[in-house]
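Inspection log for the structure reproduced underneath, given as structure tokens.
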DNA sequence: ATAAATTCTTGACGAAGTTAATTTATCCGT
DNA sequence: ACGGATAAATTAACTTCGTCAAGAATTTAT
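Protein chains in written order, with the numbering used here: chain A, 151 to 549; chain B, 151 to 549.
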């Protein structure tokens, strides 16, 4: 009788999911330790861990360095085997596709770009299928196997209004799409289990499991760039919004009272995005410099060189972002906030002011919230998509 | 062998809790209907319901009017027996205690005020014990029994930083308290199981179970008055904030950018509370009217009579609140928002502007969020406390 | 009457996790 | 080197909770 292939991640019960996520996100941990952290009995951990070991997802490390010296059987920590399965993540922008292959810990193994010449659904699907095929053709560093043999899940991130549960793009302003059942289309043409998610939420998932959010029951991620957005994790769950809208920190009105509030394309007034988006900054810089052709890069260079009026433009943007963060933090009281942005280059110009305003505006102990500001490399978006794919192991059924 | 008294609410399993809350909050429902709404099997509902019926908490109504005409055994809906247990709720303000007795559905049966002459902990505890005794001495409308015989739980609401799990008042600005183990003190001296909660959160709990929040997976309540605060419910759970701070909509900076932002006592600038709190309104009204002795009531009267500058003061406050709501809704995307305030009288002056600004500022489908604006009677705060006591049936163990 | 529909009830079963005892592996003192 | 102490891991029996499937109850429709 032929030996059947080892099962895919055998997540068969809440306890199994708990144990697996704990080991996945908290690095090597002994069984007792998992039990302590999760509240499960150690017997339950033993039982839940075995199928994962048999299926190759977890392994027992040789007994570790003894941290607490003393008697007793040494722990044999459980560790993830990151190469047991690979995941494809693709971010769709208006201009191109960015795709990555990651391991179970969402660490990028390969990344590829692919320009988009049309926003036609069929065209995008074909391009995406091609990109996935290219990515899968690569081979894992252990040499023996290609990614194809161990990749079953695809995550796709796209900005706009996305229904993760049904895999439908409800509205994408950049692509001009409405109600496109993208996950279904991709599932048919790639054969991979496909999960669709809003891009900022995807990024947040990556952060929640494999970044700054590990161990925090609540945290928020804010992205700054062409648009300004955010997503929140509360009690380990992504906040969705009853009507699909949540985390729109870009449209928090921080200058909505006086006459000084700039109009925002959303119809509101004084939105963060109307002040601190890349576009808004460039517009202000041009006005201040009296040069209608000034580019962002030039403005950055001159501000760095000490041009005070231009420095003030960036400071104003930082202030607006800080105020938005203040609103966010006062309303939710997250444990940590990560601010990340496309313009890697410009961070030095913002950071100070963001921190100062934030500290001023955070109410009471909300100020104890940890604030991390850091650049956002290109592939990070695609990595977020891959992280969503990893998470899809846990709640795989489409509605 | 003596018959033992029927057990208190026999909440022994998740299913029991689910069934009981469903009947409690969704009115009479047939068992199958409970099953459909909760995802439980109908067998589980039958089993879970029985002990509640035996203990007198639920009853089977005579088969109801047939709503969907057709064949089949008629349903015998389950209904709550609201008088099976009474709850005491007390709100502590700086000046007085407001206490109520409610039934299981948090409907007020008796209300009593009690002035506070000192903020000394012992004094407040004694006053509260007296108030509770007075309340309990009353008798239920069914005549036979006094409240005392069927009241086991006390809820206490207080503004400030409160740890519900441990029953400790961490910080109360109005009373000048820090780290007072109030629940413990009251439990000892009243013999009632005591739950402590922040006042706005308590109000939100009442709304969640017995008001506008029924059936909404996420909603927010905003209170406007001396202070401006809010609390959020997400997925049926109150948002706590990692550091105990959450829902501070009063300190969302809606006028933080220009020079026009008024300084707030919190150290921030342009906070909603610095514009729209009762104090701030009075101050503006005095400035506008050129009368440093103008009272709120006079300002209201003159605004109602058509005094344009004074009307503008209220409109400005409404605008600030609307912007705060915009921030809340864009970030959180609740299904519904309730705005409520102490100054019953002044609502007509705000409402319009709040709605207008909200509609302008809500991003995309966040505008689909239902907005209810309504006055907040005095006893409502105490009712919130009682609702917390009702909820304590479900998660009773102190940490 | 008889059939069909729908609600409610019952008892057997199964899944998941706990408790408590047992085994395993190491350190430590003599 | 040996025995005991100590802690990790495992095992097996048991508990709890809820589902399933079958059937009883009670109505309408034919």
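Even for Gly, the Cβ is constructed at its ideal location relative to N, Cα and C.
- Below 8 Å, enough C-beta pairs join the stretch 334-351 of chain B and the stretch 306-321 of chain B to call them touching: three or more.
- In this structure, residue 396 (chain B) lies near residue 389 (chain B), with their beta-carbon atoms less than 7 Å apart.
- In the three-state DSSP reduction, residue 203 (chain A) falls in the helix class (H, G or I).
- Here the alpha carbons of residue 351 (chain B) and residue 483 (chain B) stand approximately 18 Å from one another.
- Less than 7 Å divides the Cβ of residue 236 (chain B) from the Cβ of residue 301 (chain B).
- Within the stretch 269-300 of chain B, no residue has a Cβ lying closer than 7 Å to any Cβ of chain A.
- For residue 338 (chain B), there is no enclosing beta strand (DSSP E); the residue is part of the alpha helix (DSSP H) that begins and ends at 332-340.
- Not a single C-beta of chain B is nearer than 7 Å to the C-beta of residue 355 (chain A).
- Between the alpha carbons of residue 459 (chain A) and residue 414 (chain A) lies a gap of roughly 23 Å.
- Using a Cβ distance threshold of 7 Å, residue 159 (chain B) and residue 305 (chain B) do not count as a contacting pair.
- Setting aside the 5 residues that flank it on each side, residue 289 (chain B) is surrounded in the same chain by 296, each with a C-beta closer than 6 Å to its C-beta; the list follows chain order.
- In this structure, residue 486 (chain B) sits near residue 369 (chain B), with a CB-CB distance shorter than 7 Å.
- The Cβ-Cβ distance between residue 185 (chain B) and residue 209 (chain B) does not fall below 7 Å.
- When beta bridges are read from the DSSP output, residue 237 (chain A) appears opposite A:252, A:303.
- Judged by DSSP secondary structure, residue 322 (chain A) falls within the beta strand (DSSP E) whose first and last residues are 318-322.
- When only Cα atoms are considered, residue 386 (chain B) and residue 367 (chain B) end up about 6 Å apart.
- If you ignore the 5 residues before and after residue 163 (chain A), its C-beta comes within less than 8 Å of the C-beta of 198, all in its own chain and listed in chain order.
- Contact between residue 533 (chain B) and residue 250 (chain B) holds, with the beta-carbon distance rounding to 6 Å and staying under 8 Å.
- Residue 399 (chain A) places its beta carbon 7 Å or farther from that of residue 374 (chain A).
- One alpha carbon belongs to residue 420 (chain B), the other to residue 476 (chain A), and they sit about 12 Å apart.
- For residue 401 (chain A), at least one C-beta of chain B is nearer than 7 Å to its own C-beta.
- Against chain A, a Cβ distance below 7 Å from residue 484 (chain B) picks out 392.
- With a cutoff of 7 Å on beta-carbon distance, residue 451 (chain A) and residue 435 (chain A) are scored as not near each other.
- Nearest neighbour of residue 427 (chain B) by Cα position, chosen from B:412, B:257, B:336, B:441, turns out to be B:412.
- Counting every other CB atom within 10 Å of its CB across the protein chains shown gives residue 265 (chain B) a total below 16, marking it as exposed.
- Using a Cβ-Cβ cut-off of 8 Å, residue 481 (chain B) is close to 380, 382, 396, 397, 398, 399, 402, 477, 478, 481, 482 of chain A, given in chain order.
- Note that the stretch 314-331 of chain A does not touch the stretch 252-264 of chain A; fewer than 3 beta-carbon pairs, one per stretch, sit closer than 8 Å.
- Beta-bridge partners assigned by DSSP to residue 327 (chain B): B:322.
- Taking 7 Å as the upper bound on Cβ-Cβ separation, chain A lies near residues 510, 511, 513, 514, 515, 516 of the stretch 497-516 of chain B.
- Closer than 7 Å to the CB of residue 405 (chain B) there is at least one CB belonging to chain A.
- Apart from sequence neighbours up to five positions away, the residues of its chain that approach residue 174 (chain B) with a beta-carbon distance below 6 Å are 230, ordered along the chain.
- Collapsing the DSSP output to three states places residue 188 (chain B) in a helix.
- Beta-carbon to beta-carbon, residue 275 (chain A) and residue 339 (chain A) are separated by about 6 Å, close enough to satisfy the 8 Å threshold.
- The DSSP assignment places 343-348, 368-374, 378-384 as complete runs of the beta strand (DSSP E) inside the stretch 341-387 of chain A, in order along the chain (cut-off: 3 residues).
- Pairing residue 239 (chain B) with residue 535 (chain B) gives a Cβ-Cβ distance under 7 Å.
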